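Before any comments, here is the structure.
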Amino acid sequence: MTEPRFAAAADQEVVQRARGGEEAAYRELLRRYQGPVFSLIYRMVRDRALAEDLAQDTFVKALNALDTYRSEFKFSSWLFKIANNVAIDYLRRRQLDTLSLDGGPNALTSQEVAQTTPRVVDRGETPLQEVEARELGAAIEQAIGKLRPEYRACIILRHIEDRPYEDIAEILDLPLGTVKTYLHRARAELMDILGPMRE
Amino acid sequence: MTDTRSNHPLDPMDDQVLDQYLVSLGRFAPGPGFEDRVMARVRLAPVSGAAPAAVPAVRRRRWPVVAWPASGLAALSSTALTAWLAFNFETLAGSATAAVIAAVVPAWHALLTWLAATSASLGSTLAAGAFGFGLQPLIVALVLMNLAVPVSLFGLYKVARPAVRMRSHAAR
């Protein structure tokens, strides 16, 4: 939960205070971005325990290098860039696997299973619709998992993290046109993968 | 009962529907304790504005540190004594007793005679050495003799300096 003194503070201000040695500022940055960073990495590597390790590495790298962060850029973009690089580095070393419909492969408790089970958000559906929505959510997650890592990162950043094209280009170190092309192709591939569900 | 098949969300799979379902995918949360695990590995920046804590560190005395002051003191005392004798020789000689003069003057003469006799042979020995081994050993010897005084003075400075120095405390 955000500390009251940081509630209205912009990222840049929190970073500045972290640079001044304020531990609470470090924790605030962690609280703000642990969800988005973990989600991005989890969707990239499809393994919960591994995603936690990589998310930890991401934050350790970023927070230990706050001095190198340039405030003319968005802090979130800088952080996502590190997270994406960490995930891509891992994927280059190892082939990805798929995400289980019933939670991550390392989920031990029912809470972990619930947390790691992909699903679309509740829109007040009937039980049948809920089951369908859950299946659909899992299918979309699986479909995203089948995309090339570059396409996957584009889709996650654009549609789940709601980042503008310019930010995505900066995070992924790609030209703006390439980002748009990747997104177009990624969406086309998703529709192809999800096509059989229409049957 | 509503027929859910007829309006299955992916039925008309178009951009809007895909957008809607992609956007509706939630975020995942890391496990409990994630924040603390990260913080345990983060090096906090030093607190700005705070003076670094000073930890006194006692320097160990090693043998050169002990030898330097000894040699420095010896050089200084012998130089001072020689200078004092040279400047006060007349006074000393005037105030000395006849017996002392009787003993010292012949001794002084003997010393001068010895120096006159040996300086020639000393000079010829040095010249022979210079011809035999070259001038290098002589130059080295002269350099060493000239270095003795500054080295001794440096030793004296080292001993006069406070032995306790301040060391900045490293941030954890």
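Those protein sequences? They're chains R and W, same order as listed.
All letters in the first sequence, in the order written, are residues 2 to 200 by my numbering.
All letters in the second sequence, in the order written, are residues 33 to 204 by my numbering.
Every residue gets a Cβ at the ideal spot worked out from N, C-alpha and C, and that includes glycine.
Keep in mind the model is a prediction, meaning the values are calculated, not measured.
Could you tell me which of the options sits nearest to residue i, measuring between CA atoms?
i                      : options                   : result
residue 62 of chain W  : R:35, R:31, R:29, R:30    : R:35
residue 88 of chain R  : R:143, R:161, R:39        : R:39
residue 29 of chain R  : R:45, R:11, R:42          : R:11
residue 49 of chain R  : W:170, W:186, W:66        : W:66
residue 51 of chain W  : R:141, R:43, R:154        : R:141
residue 143 of chain R : W:112, W:104, W:122, W:54 : W:54
residue 22 of chain R  : R:65, R:51, R:186         : R:65
residue 165 of chain R : R:46, R:77, R:24          : R:77
residue 80 of chain R  : R:94, R:61, R:93          : R:61
residue 190 of chain W : W:114, W:105, W:123       : W:105
residue 135 of chain R : W:49, W:48, W:56          : W:56
residue 75 of chain W  : R:6, R:169, R:93, R:24    : R:24
residue 31 of chain R  : W:64, W:59, W:70, W:58    : W:70
residue 168 of chain R : R:73, R:67, R:44, R:5     : R:73
residue 190 of chain R : R:163, R:146, R:170       : R:146
residue 95 of chain R  : R:139, R:150, R:57, R:75  : R:150
residue 1 of chain R   : R:43, R:51, R:7, R:182    : The first residue shown for chain R is 2 and the last is 200, placing residue 1 of chain R beyond what the model contains.
residue 59 of chain W  : R:174, R:160, R:175       : R:160
residue 13 of chain R  : R:82, R:46, R:71          : R:71
residue 186 of chain R : R:152, R:194, R:63        : R:152
Could you have a look at residue i and say whether DSSP puts it in helix, strand or coil?
i                      : result
residue 57 of chain W  : strand
residue 37 of chain R  : helix
residue 104 of chain W : helix
residue 11 of chain R  : coil
residue 190 of chain W : helix
residue 196 of chain R : helix
residue 72 of chain W  : helix
residue 173 of chain W : helix
residue 167 of chain W : coil
residue 67 of chain W  : helix
residue 22 of chain R  : coil
residue 78 of chain W  : coil
residue 182 of chain W : helix
residue 190 of chain R : helix
residue 5 of chain R   : helix
Would you grab the beta carbon distance between residue i and residue j for me? Rounded to a whole angstrom, and I think it's under 8 Å.
i                      : j                      : result
residue 148 of chain R : residue 85 of chain R  : Wrong, their Cβ atoms sit about 14 Å apart, outside the cutoff.
residue 91 of chain R  : residue 137 of chain R : The Cβ separation is near 28 Å, so there is no contact.
residue 184 of chain R : residue 172 of chain R : Not confirmed; about 13 Å, so no contact.
residue 187 of chain W : residue 116 of chain W : Their Cβ separation, rounded to whole angstroms, is 22 Å, which puts residue 187 of chain W and residue 116 of chain W out of contact at 8 Å.
residue 107 of chain W : residue 173 of chain W : Contact flag wrong, Cβ pair sits at about 17 Å.
residue 20 of chain R  : residue 72 of chain W  : The pair is not a contact, with the Cβ atoms about 20 Å apart (cut-off 8 Å).
residue 170 of chain W : residue 162 of chain W : 6 Å
residue 155 of chain R : residue 180 of chain R : 6 Å
residue 18 of chain R  : residue 9 of chain R   : Not quite, the Cβ-Cβ distance comes to about 13 Å (not below 8 Å), so this is no contact.
residue 16 of chain R  : residue 67 of chain R  : 6 Å
residue 110 of chain W : residue 184 of chain W : In fact, because the Cβ distance is near 10 Å, the residues do not count as touching under 8 Å.
Counting only runs of 4+ residues fully inside the stretch 26 to 96 of chain R, write out the alpha helix (DSSP H) ranges in chain order. 49 to 65, 76 to 94
Please list the residues of the stretch 53 to 74 of chain R that have a C-beta atom closer than 8 Å to any C-beta atom in chain W, keeping them in chain order. Of all residues in the stretch 53 to 74 of chain R, 53, 56, 57, 60, 61, 64, 65, 67, 68 have a Cβ within less than 8 Å of some Cβ in chain W.
Quick check on the DSSP output: what are the complete alpha helix (DSSP H) runs of length 4 or more inside the stretch 137 to 188 of chain R, in order along the chain? Listed in chain order, the complete alpha helix (DSSP H) runs (minimum 4 residues) inside the stretch 137 to 188 of chain R are 150 to 156, 166 to 173.
Considering only residues of the stretch 113 to 158 of chain W, which uninterrupted beta strand (DSSP E) runs meet the minimum length of 3 residues and lie entirely inside it, listed in chain order? none
Counting only Cβ-Cβ distances shorter than 9 Å, please list the residues of the stretch 5 to 24 of chain R near chain W, keeping chain order. Answer set for the stretch 5 to 24 of chain R: 19, 20, 21, 22, 23, 24.
Residues of the stretch 150 to 173 of chain W in Cβ contact with chain R at a cutoff of 9 Å, in chain order, please. none
Closer than 9 Å between beta carbons: that is the criterion. Which residues of the stretch 177 to 197 of chain R meet it against chain C? No chain C appears in this structure, whose protein chains are R and W.
Short of 9 Å Cβ to Cβ, which residues in the stretch 137 to 150 of chain R face chain W? 137, 138, 140, 141, 142, 145
Which residues of the stretch 83 to 95 of chain R have a Cβ closer than 7 Å to any Cβ of chain W? Give them in chain order. none
Which of the residues in the stretch 49 to 74 of chain W, read from start to end, lie with their CB under 8 Å from any CB of chain R? 50, 51, 53, 54, 55, 56, 57, 58, 59, 60, 61, 62, 63, 66, 67, 69, 70, 71, 73, 74
By the 7 Å beta-carbon criterion, what residues does the stretch 159 to 173 of chain R contribute toward chain W? 160, 161
Which residues, in order along the stretch 33 to 47 of chain R, keep a beta-carbon less than 7 Å from a beta-carbon of chain W? 35, 36, 37, 39, 40, 43
Near-chain R residues of the stretch 98 to 129 of chain W - C-beta to any C-beta below 8 Å: none
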